[in-house]
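Enquirer: Residue numbers (our numbering): 69 to 401. In this text, a Cβ means the ideal position worked out from N, Cα and C, and glycines have one as well. Just dropping this structure here.
Structure follows, in C-alpha cells:
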C-alpha cells in the first residue's frame, strides 16, 4: 500500500508537477522547508489542524522533511491571512490552517480589504462540530438547565471562546439564544485569542461556559475535566463522543459543522499548488489517515482544489446571510 502511494506521487510529480526553467523541465519534489501556520496561539482547533497534517505527512512519507508548525495569532486568523497575501504570497513551502470560522470572519470583512478570492484553497482534511462545555462541577448538567438559567437572567452566565463578537464561537451561543427566545445581545461573552486560552479560563473559573469545537476538548473529556452539554451536529457523533447529546435532540434546532483545512498564498506557482493538492489527495485516500483523523477528534471530510473552491463559495454565501441576520453586516439581499 505504502509503495503504491509513493509511486502515485512520483508519477504525478513527473507528469504534472514540473516547472520549466531555461527551457528545461524541473521535477517538483515538494517543499524544501515545509511549514504550517496555525493562526492563533498554541492549543485549539487551528493547532490541531496543522498537527494532523504534520503527522499525516510524516506517516505517509510524502514529505522528505518534517513539516514544522508555527503560530501567528491576531484577529483570529486576520494577521496570518494578511501576512500570507502581502508578504509570503509566493511561498510554496507554506500552508495555513483555516476553518469555517475563518470563512465567517471573511464574510464579515474582518480580514481587512481581502476576501476569499485572495488566496488559493488547497484542501479540507476533516470536519469538526461546535459544542458547549462546562466544568464537571458546574450546576448545569444539560443544555436545558443552562437555557433555563439564561431565561431567568441572561447575564447570570459568562460565556467565553476563542473569538470576538461575530466569530463562529460567538455565533453558536447567539444561535442557541435565538432558538430559545433569549436576547443574545444581553448575554455576557468574553473573547480570547484561540480555544486554548478559553479552555484555561473555563478551568480557572473565569468563565462558566466554553463555546468551542468538539475536537478541542477530547483530551479534557478523557481526563474528566469538563462536561459537554451539547454537540451541534445533526446526529450523535461516533466514539469517543457517542454519549454526548446533540442540541437537536434536546429541542434546539442548531447544527454547526466546521470544515478544517488549508490555503496557500495567491502567487504560489501552479506546480507547488498542485503538489500540495495531489499530496493531500493521496494522504487522505489512505485508510490509515482515517484512523489518524479520528485520533485528533475530527470526522471524515475531504475536498481539494477546484472541488474545495466550489464548497468555499457555497459556505461564504451562507455565512454572509447569517451575518446579516445578526446585524453584523448589511443585508446581502
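If we count the other Cβ atoms within 10 Å of its Cβ and call it buried at 16 or more, is residue 363 buried or exposed?
Expert: So residue 363 ends up on the exposed side.
Enquirer: So, do the region 110 to 119 and the region 172 to 186 have three or more beta carbon pairs nearer to each other than 8 Å?
Expert: Flag = no, the region 110 to 119 and the region 172 to 186 do not touch.
Enquirer: Given residue 360, which residues of its chain have a CB within under 8 Å of its CB, disregarding the five upstream and five downstream residues?
Expert: Correct list, in chain order: 120, 123, 124 and 127.
Enquirer: Considering only their Cβ atoms, is the gap separating residue 282 from residue 198 smaller than 9 Å?
Expert: In this structure, residue 282 lies closer than 9 Å to residue 198 by Cβ.
Enquirer: Do residue 189 and residue 329 have their C-beta atoms within less than 9 Å of each other?
Expert: Yes, these two residues count as a Cβ contact at 9 Å.
Enquirer: Can you tell me the Cβ-Cβ gap for residue 340 and residue 160, rounded? I've got them flagged as a contact below 8 Å.
Expert: Their Cβ separation, rounded to whole angstroms, is 3 Å, which keeps residue 340 and residue 160 in contact under 8 Å.
Enquirer: Shortest alpha-carbon distance to residue 171 belongs to which of 185, 158, 279 and 242?
Expert: For the residues 185, 158, 279 and 242, the minimum Cα distance to residue 171 belongs to 185.
Enquirer: Quick one: is residue 376 buried, meaning 16 or more other Cβ sit within 10 Å of its Cβ, or exposed?
Expert: That one is buried.
Enquirer: Measure the C-alpha to C-alpha separation of residue 221 and residue 355 and round it to an integer number of angstroms.
Expert: Cα to Cα, the separation comes out at about 49 Å.
Enquirer: Taking all protein chains shown into account, decide if residue 156 is buried (16 or more other Cβ within 10 angstroms of its Cβ) or exposed.
Expert: Classification for residue 156: buried.
Enquirer: What does residue 164 pair with, by DSSP beta-bridge criteria?
Expert: According to DSSP, which records beta bridges pairwise, residue 164 is partnered with 105 and 331.
Enquirer: Would you mind working out which of 153, 332, 353 and 99 sits nearest residue 131, comparing C-alpha positions?
Expert: For the residues 153, 332, 353 and 99, the minimum Cα distance to residue 131 belongs to 99.
Enquirer: Examine the Cβ distances between the region 200 to 212 and the region 374 to 390 and report whether three or more of them are shorter than 8 Å.
Expert: With a cut-off of 8 Å, the region 374 to 390 and the region 200 to 212 do not count as touching, because too few Cβ pairs lie within range.
Enquirer: Counting along the chain, where does the beta strand (DSSP E) carrying residue 198 start and finish?
Expert: Taken as a continuous stretch (DSSP letters only), the beta strand (DSSP E) holding residue 198 covers 188 to 203.
Enquirer: Taking the straight line between their C-alpha atoms, what separation do you get for residue 242 and residue 258?
Expert: Using only the alpha carbons, I get a separation of about 13 Å.
Enquirer: Can you give me the Cβ contacts of residue 394 inside the same chain, cut-off strictly under 7 Å, excluding the 5 residues immediately before and after it?
Expert: Hits under 7 Å: 242.
Enquirer: For residue 146 and residue 316, what's the separation of their Cα atoms in angstroms?
Expert: If you take the alpha carbons of residue 146 and residue 316, they lie about 32 Å apart.
Enquirer: Please state if the CB of residue 101 and the CB of residue 133 are separated by a distance shorter than 9 Å.
Expert: Yes, the pair counts as a contact, with Cβ atoms nearer than the cut-off.
Enquirer: With H, G and I counted as helix, E and B as strand and the rest as coil, what does DSSP make of residue 345?
Expert: It is helical.
Enquirer: Roughly how many whole angstroms lie between the Cα atoms of residue 266 and residue 260?
Expert: Rounded to whole angstroms, residue 266 to residue 260 spans 6 Å at the Cα level.
Enquirer: Consult DSSP for residue 280 and reduce its assignment to one of helix, strand or coil.
Expert: Residue state, collapsed to three classes: strand.
Enquirer: Can you check the region 112 to 183 for any alpha helix (DSSP H) of at least 4 residues that lies completely inside it and give the ranges in chain order?
Expert: Within the region 112 to 183, the complete alpha helix (DSSP H) runs of at least 4 residues are 113 to 128, 146 to 154 and 168 to 175.
Enquirer: If the criterion is Cβ atoms closer than 9 Å, does the pair residue 244 and residue 219 meet it?
Expert: For residue 244 and residue 219, no; Cβs fall outside 9 Å.
Enquirer: Assess, as a yes-or-no matter, whether the region 342 to 349 is touched by the region 365 to 375 under the definition of 3 or more beta carbon pairs within less than 8 Å.
Expert: Yes, the region 365 to 375 touches the region 342 to 349.
Enquirer: When the Cα atoms are used, what is the spatial distance from residue 308 to residue 136?
Expert: The straight-line gap from Cα to Cα measures roughly 29 Å.
Enquirer: Just to check my reading of the structure: residue 164 and residue 110 have Cβ atoms closer than 8 Å, yes? What is that Cβ distance to the nearest angstrom?
Expert: 16 Å between Cβ atoms; not a contact.
Enquirer: What span of residues does the alpha helix (DSSP H) with residue 264 cover, start to end?
Expert: Residues 263 to 271.
Enquirer: From this set, 162, 118 and 140, which residue's C-alpha is nearest residue 334's C-alpha?
Expert: The shortest Cα separation from residue 334 among 162, 118 and 140 belongs to 162.
Enquirer: Should residue 296 be labelled buried (16 or more other beta-carbon atoms within 10 Å of its own) or exposed?
Expert: With 16 or more other Cβ atoms within 10 Å, it is buried.
Enquirer: So what does DSSP say about residue 326, is it helix, strand or coil?
Expert: If DSSP states are grouped into helix, strand and coil, residue 326 belongs with the strands.
Enquirer: Straight-line CA distance for residue 323 to residue 301?
Expert: If you take the alpha carbons of residue 323 and residue 301, they lie about 5 Å apart.
Enquirer: May I have the straight-line CA-CA distance separating residue 229 from residue 263, to the nearest angstrom?
Expert: Approximately 6 Å, taken between the alpha carbons.
Enquirer: What number of angstroms, rounded off, separates the C-alpha of residue 91 from the C-alpha of residue 192?
Expert: Bear in mind that the predicted position of residue 91 carries a pLDDT of just 47, short of 50, making it too unreliable to give a figure here.
Enquirer: Quick one, are the C-beta atoms of residue 140 and residue 148 less than 9 Å apart?
Expert: Yes; because the gap between Cβ atoms is below 9 Å, this pair is in contact.
Enquirer: Go through its chain and collect everything with a Cβ distance to residue 254's Cβ below 7 Å, but skip five positions before and after it.
Expert: Cβ neighbours of residue 254 beyond the five flanking positions: 222 and 223.
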